[in-house]
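Participant: Take a look at this one; I'll ask things after.
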Amino acid sequence: MTPPASAEIVGLGLTSDAGSRRGQGSRVSPSSSQVVRVPARSSQASQWAAGDIYFQQEHARQWLDEEFGEREAQQWQDRCYICAMAQRDDQHDLYSCRHASSQAAKQWMIQVRRKIRYARYIGCFKCGMPQTICHGWKGGGGDTTGCEFRRVLIPMVASMLYGPWGTAMQAAWQRRLQGVRVDSQDIEAVTKWLGQRSTHGHSQLFESFCWLRGVSQEVEGDI
Ligand SMILES: [Zn+2]
Ligand SMILES: [Zn+2]
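For the sequence shown, UniProt numbering assigns the number 223 to the last residue and increments by one with no breaks.
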């Protein structure tokens, strides 16, 4: 049994005041991040003893993640995350970004995008989003019409991993991937894994995007 991904955020020590903010019951981050962390907040030992409750929460989380993921994907469509965080003009995608601080993310993105193959029936085969969100899979063949999120998930995962908080984000990511026995430095292994089906029936890419958004919002909330 895999614990809720968001539970891993707790205890990472990414942000020193995250706990105190929670304790006050008020959050600086957008409400969307709250949605994803609901199970994590109550992830005490008692939760694990109650299998049914765990299952229900996991089931609920799948849908919450889809809503969260869709909202976040829309928000970051055709926007450069690294430039947005640097408070520069961000109205371009990562591929078009000429800023030096974006080059590592761009290299990672290009390598992953070139090789990723999505498992069947887990989502849009062009962008990796759940089929309930992106209908590009209906187009078939090499047709890209209908796919709304083609340049969102991979660029965003790349930008969060190699962006302004890359060190902390990569440490968190490495821990998460260790749990599924994937070496985060082995880009071929990572790419292969990203195209696979998660326990929730999504692509690992979509779940990684949601998870990384949750982690990075913790850090973003501190600036
Ligand atoms: Zn940029
Ligand atoms: Zn799509």
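Where a beta carbon is used, it is the ideal one built from N, C-alpha and C, also for glycine.
Any heavy atom of ligand 2 within a distance shorter than 7 Å of the CB on C147?
Facilitator: Yes, since a heavy atom of ligand 2 falls inside the 7 Å radius drawn around the Cβ of C147.
Participant: Could you tell me the distance, in whole angstroms, from the CA atom of G51 to the CA atom of Q107?
Facilitator: Since pLDDT at G51 reaches only 49, below the 50 mark, its modelled position is unreliable, and the value read off the structure follows with that caveat. So the alpha carbons of these two residues sit roughly 42 Å apart.
Participant: So is the beta-carbon of D90 under 7 Å away from any non-hydrogen atom of ligand 1?
Facilitator: True, at least one ligand heavy atom lies under 7 Å from that Cβ.
Participant: Between T191 and the rest of its own chain, which residues show a CB-CB distance below 8 Å, the 5 nearest in sequence each way excluded?
Facilitator: Counting only Cβ-Cβ distances below 8 Å, and skipping sequence neighbours, we find Q111, V112, K115, I116.
Participant: Would the beta-carbon of M85 fall within 8 Å of that of P155?
Facilitator: It is not a contact, given that the beta carbons lie outside the stated cut-off.
Participant: Residues in the same chain with beta-carbon distance under 7 Å from I122, minus the five sequence neighbours each way, listed in chain order, please.
Facilitator: Around I122: R197, G201, H202, S203.
Participant: Mapping DSSP to helix, strand and coil, what is W211?
Facilitator: DSSP places W211 in helix when its eight states are reduced to three.
Participant: Using 10 angstroms around the beta-carbon of Y95, count the other beta-carbons present and answer buried if the total reaches 16, otherwise exposed.
Facilitator: Flag for Y95 reads exposed.
Participant: Could you give the distance in angstroms between the alpha-carbon of L212 and the alpha-carbon of R120?
Facilitator: If you take the alpha carbons of L212 and R120, they lie about 24 Å apart.
Participant: What are the complete alpha helix (DSSP H) segments, minimum 4 residues, inside the segment 75-162?
Facilitator: DSSP runs (the alpha helix (DSSP H)) wholly in the segment 75-162: 81-85, 103-115, 153-161.
Participant: If you run the structure through DSSP and keep just helix, strand and coil, what is R181?
Facilitator: It is coil, neither helix nor strand.
Participant: Is S203 helix, strand or coil when you go by DSSP?
Facilitator: It is a strand residue.
Participant: How many angstroms separate the CA atom of C80 from the CA atom of R181?
Facilitator: Near 31 Å, if we compare the C-alpha coordinates of R181 and C80.
Participant: Are the beta-carbon atoms of V152 and A73 separated by less than 8 Å?
Facilitator: Yes.
Participant: Let me confirm a value: G179 is counted as buried when at least 16 other C-beta atoms fall within 10 Å, else exposed. Which label applies?
Facilitator: With fewer than 16 other Cβ atoms within 10 Å, it is exposed.
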